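Note sheet for the following structure.
Numbering (the working numbering), first residue to last: 325 to 483.
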């Protein structure tokens with residue numbers, strides 16, 4: 325599949341940044357979604373006209389909608405969306421003093437890693453649905469990533 329336009333969440337560091345680098349090396353335009361700030365700006369500056377910053381917190385639904393609409397217009401056609409954004413907040417389900425895991429921490433992880441990913445994925449799918457099918461009948465590809473913790477539980481990570 326030829327990729328002309330891509331979106332990468334968590335694209336300012338780690339696996340997301342490596343994905344951005346690979347896509348741009350292959351000639352794709354990439355909208356890089358991450359928290360706004362100097363790190364995102366520095367990454368986008370490295371790639372010139374092939375990259376655009378989408379500085380937004382994935383837990384802010386209305387801001388995500390506005391920023392993604394602008395990103396999809398800039399890309400022209402979205403062929404690929406790779407969801408790499410995610411956080412880990414360490415706390416055991418029950419600490420040594422018998423205190424329960426703080427629900428606010430749990431909710432934050434779920435809101436970013438699950439709800440934020442789902443929101444961006446569904447917005448990307450809607451944009452891709454407007455693409456003409458390629459020779460294989462595809463209109464685009466969604467990729468969700470996870471850490472090894474998805475398959476091998478980690479001490480102190482409840483979500």
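Note that beta-carbon positions come from the ideal geometry of N, C-alpha and C, so glycine has one too. None of the values given here were measured: they were computed from a predicted structure.
Beta-carbon proximity of residue i to residue j, cut-off 8 Å
i	j	result
residue 407	residue 333	yes
residue 418	residue 433	no
residue 496	residue 448	Here the chain covers residues 325 to 483 and nothing more, so residue 496 does not appear.
residue 392	residue 330	no
residue 395	residue 355	yes
residue 378	residue 387	no
residue 429	residue 415	yes
Beta-ladder partner(s) of residue i, from DSSP
i	result
residue 468	407
residue 329	353
Limits of the alpha helix (DSSP H) - the one that residue i falls within
i	result
residue 348	338 to 349
residue 365	362 to 371
Residue i versus residue j - alpha carbon distance
i	j	result
residue 366	residue 422	44 Å
residue 390	residue 459	32 Å
residue 351	residue 462	20 Å
residue 369	residue 420	46 Å
residue 443	residue 372	28 Å
Inter-residue CB distance, residue i and residue j (contact presumed, cutoff 8 Å)
i	j	result
residue 342	residue 358	Incorrect: roughly 14 Å between the Cβ atoms, too far for contact.
residue 411	residue 374	About 27 Å separates the two Cβ atoms, so there is no contact after all.
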